[in-house]
Structures are given as C-alpha cells and as structure tokens.
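Enquirer: In the UniProt record's numbering, the protein residues as written are 1 to 333.
Here a beta-carbon is modelled for each residue, glycine too, at the ideal position from N, C-alpha and C.
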C-alpha cells in the first residue's frame, strides 16, 4: 500500500480538495466539501477509545464501523439533504484515495444514507406575477434614489426569460450577447464551468439593448465594452452576489409581491418560473434540462442533446417574453 497511508487525515483532505479544485467548482461548493469532511472527521476523533486531536487522525482510523458511528451522530441533528451531501463528499474522498493507492477500498457503501430527494421547484406564485414584477420594475418611481428602471428590467428579464443562476448572471459579459437579428443568444458559463447557449427572443434583446444604451449615457461608451460585466450597480461597478440579491429583493418589495415569493427561493424563484412556464407551455423535459444547463437527467453524466431550433422553439413558447413587448418602444426608422 502507498506510503501515505499513515499520513494525517487533514493533509489527505487538503490534497483531495486541491484535486477537486481542478474541476472548477464554485467557492461555496468547495467550502461545503471542506465543512462536511471536517465535521465527520471531528466526530471520529471524539469517538476514538482515547479521543484524539483532529490533526492526529490518520486514514487507517476510518474503518466502516467507525464511519457508520460517526455518520449516525452527524445525521441526528441534520436534514436528510445535508446528510446525503456529506455522504457523497466522503464517498468521493475515499474514491480519490483508492485511485491514488492510499487505501485498499472505500468503506462508504457500508454506511447508510438517506434517499436523495429531488428538490421541488419554487416558482413565483400567481398566474400574472412575472408580468406584475416586470411592469413595476419598468416604472420610474420617485421614491427610489437614483432609479434605473432599464437596468432593473434587464436583470429580471434575463432571469425570467433565460433561466440563469445567480452565479451565471454575475459572470455575464457584454460580449456574452451575440448572434444575428432573429438568432440572438446569450453565451453562459454554467455550473462546473460547462458552457451553454440560450436563445433569446426579440423582446428580451430590445430590453438588453435599451439597458446598455442607458448605461452608455450614464457612464460613457467605454462602460459597454465587450469584456465589461453585463450587470452593474448604480456606480457602474460590476454587480456582486449581495448587490444582485438586494436588487431583486427590492424589486419584489416595490411590486408588492413578497407574499408570492417562495420562502428560501428569492432570486432562484425567477429561474424556477422560467422552467415551470416552459413546461406549462409545451417544452419537453429534455429541452428544459438543456436550457437550464443541467448535465443530466437523473444521474446521467451526459448532456441531453437537442438542436438549436428546438431550443429556440422552447424559449419562444415561454409566455413571459410577451410581457416584455410593451416595455421598450420599437425604433421607427
């Protein structure tokens, strides 16, 4: 067996996390891996016949019996989803150690885990809620300090009509918008660094052009260079996670729809609304999964391949697009 067998468990955990980092997980995902590994390891150290400092644990201390006992304690105060996530993290860790020749086998199949429940969609409630939200954001209300309705509408419209995650919205550049008239699209850097292309309809395209025109008037033409962040705050700086969440929350409040936003969803409710309306209006599961940037149906690791035309038909079926039609006047030439 590999000479690292007696090496500190904490050292091996850091080696595993370094190896996982090459897959480009989000910082939040990497932090969750570390928390789950350290939390269970701490329980192993406490349960030892003679309690050990965490740094003194070695991989040889982690037998199937020890791991079952530690996970039983870990699971007691936690939700099934949290336990399942931790089990998956430890399973990946041991798979890494087996592949590296550090241990002979993976004890995790001997450790029970709760069934993974599919997360339930949390779209905005109410048949007309997206339309109410967009119409409210488009109004230049005097109560706001430095109102910027063009920007607010653009943020909501991209989330509602393209189904982007928060991290994907923040990663967008001005140059992410491309394509010829009638074939416009957004190039998205998705979860796990997977790229995808989401078609956008003419009304959403007009909303984005209107927003970029207003931004050029505010901050000058250099502010809309292709490599600039697509979404910015009122000072022209790229929006950050907290700023984007606050912007969407304030739009909910101004529209008076706080009671229609599912608890714990907030910005993600816009993405769920996109998917739910696609399904209601006839898009297939494969089209929805592809547009949302999911890598698989169920546990499959392969993409669901659909043609660009099918994706565009699916987006066109999303009736939220029609709510954008009257928000930006069509230029008459």
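Report yes or no: do the region 157-173 and the region 270-282 share at least 3 C-beta pairs separated by less than 8 Å?
Expert: Flag = yes, the region 157-173 and the region 270-282 touch.
Enquirer: Along the chain, where does the alpha helix (DSSP H) containing residue 166 start, and where does it finish?
Expert: Indexing the chain shown from 1 puts residue 166 at position 166. Residues 166-171.
Enquirer: Pick helix, strand or coil for residue 103, following the three-state DSSP scheme.
Expert: For this step, residue 103 is matched to residue 103 along the chain shown. Coil, per DSSP.
Enquirer: Would residue 72 be called buried (16 or more neighbouring beta carbons within 10 Å of its own) or exposed?
Expert: Reading the chain shown from its first residue, position 72 is the one you call residue 72. Per the 10 Å Cβ criterion, exposed.
Enquirer: Give, in chain order, every unbroken run of the beta strand (DSSP E) that is at least 3 residues long and sits entirely within the region 190-278.
Expert: Those beta strand (DSSP E) runs which fall completely within the region 190-278 and span 3+ residues are 195-199.
Enquirer: For residue 128, count neighbouring Cβ atoms within 10 angstroms of its own Cβ and tell me buried if that reaches 16, exposed if not.
Expert: Sequence index remark: in the chain shown, residue 128 carries index 128 (1-based). Exposed: under 16 other Cβ atoms inside 10 Å.
Enquirer: Quick one: measure Cβ to Cβ for residue 131 and residue 323, integer angstroms, because I've assumed they're closer than 8 Å.
Expert: As a working mapping, residue 131 is identified with position 131 in the chain shown. As a working mapping, residue 323 is identified with position 323 in the chain shown. Confirmed, Cβ separation roughly 4 Å.
Enquirer: Since residue 29 is in the alpha helix (DSSP H), which residue starts that stretch and which ends it?
Expert: As a first step, residue 29 must be located in the chain shown, where it is residue number 29. Note, residue 29: alpha helix (DSSP H), 27-47.
Enquirer: Taking only the alpha-carbon atoms, compute the straight-line gap between residue 261 and residue 243 and give it to the nearest angstrom.
Expert: Position 261 of the chain shown holds residue 261. Position 243 of the chain shown holds residue 243. If I take the Cα positions, the gap works out to 19 Å.
Enquirer: To the nearest angstrom, how far is it from the Cα of residue 245 to the Cα of residue 263?
Expert: Here residue 245 refers to the residue found at position 245 of the chain shown. Here residue 263 refers to the residue found at position 263 of the chain shown. Those two C-alpha atoms are separated by around 14 Å.
Enquirer: Less than 6 Å between C-beta atoms, sequence neighbours within five positions excluded: which residues of the same chain meet that for residue 140?
Expert: Reading the chain shown from its first residue, position 140 is the one you call residue 140. Same-chain partners within the cutoff: 147 and 149.
Enquirer: Among the candidates 202, 282 and 77, whose CA atom is the shortest distance from the CA of residue 157?
Expert: Against the chain shown, residue 157 aligns to sequence position 157. That would be 202, whose Cα lies nearest to the Cα of residue 157.
Enquirer: With a threshold of 8 Å, are at least 3 pairs of Cβ atoms found where one atom belongs to the region 73-85 and the other to the region 51-60?
Expert: The region 73-85 is not in contact with the region 51-60.
Enquirer: Would you grab the beta carbon distance between residue 230 and residue 173 for me? Rounded to a whole angstrom, and I think it's under 8 Å.
Expert: The residue labelled residue 230 in the question sits at position 230 within the chain shown. The residue labelled residue 173 in the question sits at position 173 within the chain shown. With a Cβ gap of about 6 Å, residue 230 and residue 173 count as contacting.
Enquirer: Take residue 13 as the anchor and find which of 205, 100 and 47 has the nearest alpha-carbon.
Expert: As a position in the chain shown, residue 13 is number 13, starting the count at 1. Out of 205, 100 and 47, 100 has the C-alpha closest to the C-alpha of residue 13.
Enquirer: Going by the CB atoms, is the gap between residue 30 and residue 19 shorter than 8 Å?
Expert: As a working note, residue 19 is residue 19 in the chain shown. As a working note, residue 30 is residue 30 in the chain shown. Contact: no.
Enquirer: Considering only C-alpha positions, which residue in the set 218, 175 and 206 is nearest to residue 197?
Expert: Taking the chain shown and counting its residues from 1, the one referred to as residue 197 is at position 197. Of the candidates 218, 175 and 206, the one whose C-alpha sits nearest the C-alpha of residue 197 is 175.
Enquirer: Cutting at 7 Å between CB atoms, please list the residues of its own chain near residue 44, excluding the five before and the five after it.
Expert: In the chain shown, counting from the first residue as 1, residue 44 sits at position 44. Hits under 7 Å: 57, 61, 62, 66 and 70.
Enquirer: I'd like to check one pair, residue 215 with residue 232: are the Cβ atoms closer than 8 Å?
Expert: To locate residue 232, count along the chain shown from 1; it is residue 232. To locate residue 215, count along the chain shown from 1; it is residue 215. Yes; because the gap between Cβ atoms is below 8 Å, this pair is in contact.
Enquirer: So, with DSSP's three-state summary, where would you put residue 284?
Expert: For the purposes of this step, residue 284 is taken as residue 284 along the chain shown, with counting starting at 1. Residue 284: coil per DSSP, three-state reduction.
Enquirer: Under the DSSP definition of a beta bridge, which residues are partnered with residue 187?
Expert: Taking the chain shown and counting its residues from 1, the one referred to as residue 187 is at position 187. In DSSP, residue 187 forms a bridge with 197.
Enquirer: Please classify residue 58: does DSSP put it in a helix, a strand, or coil?
Expert: For the purposes of this step, residue 58 is identified with residue 58 of the chain shown, where counting begins at 1. Strand at residue 58.
Enquirer: State buried or exposed for residue 111, treating a residue as buried only when at least 16 other CB atoms are found within 10 Å of its CB.
Expert: The residue given as residue 111 occupies position 111 in the chain shown. It is buried - the Cβ of residue 111 has at least 16 other Cβ atoms within 10 Å.
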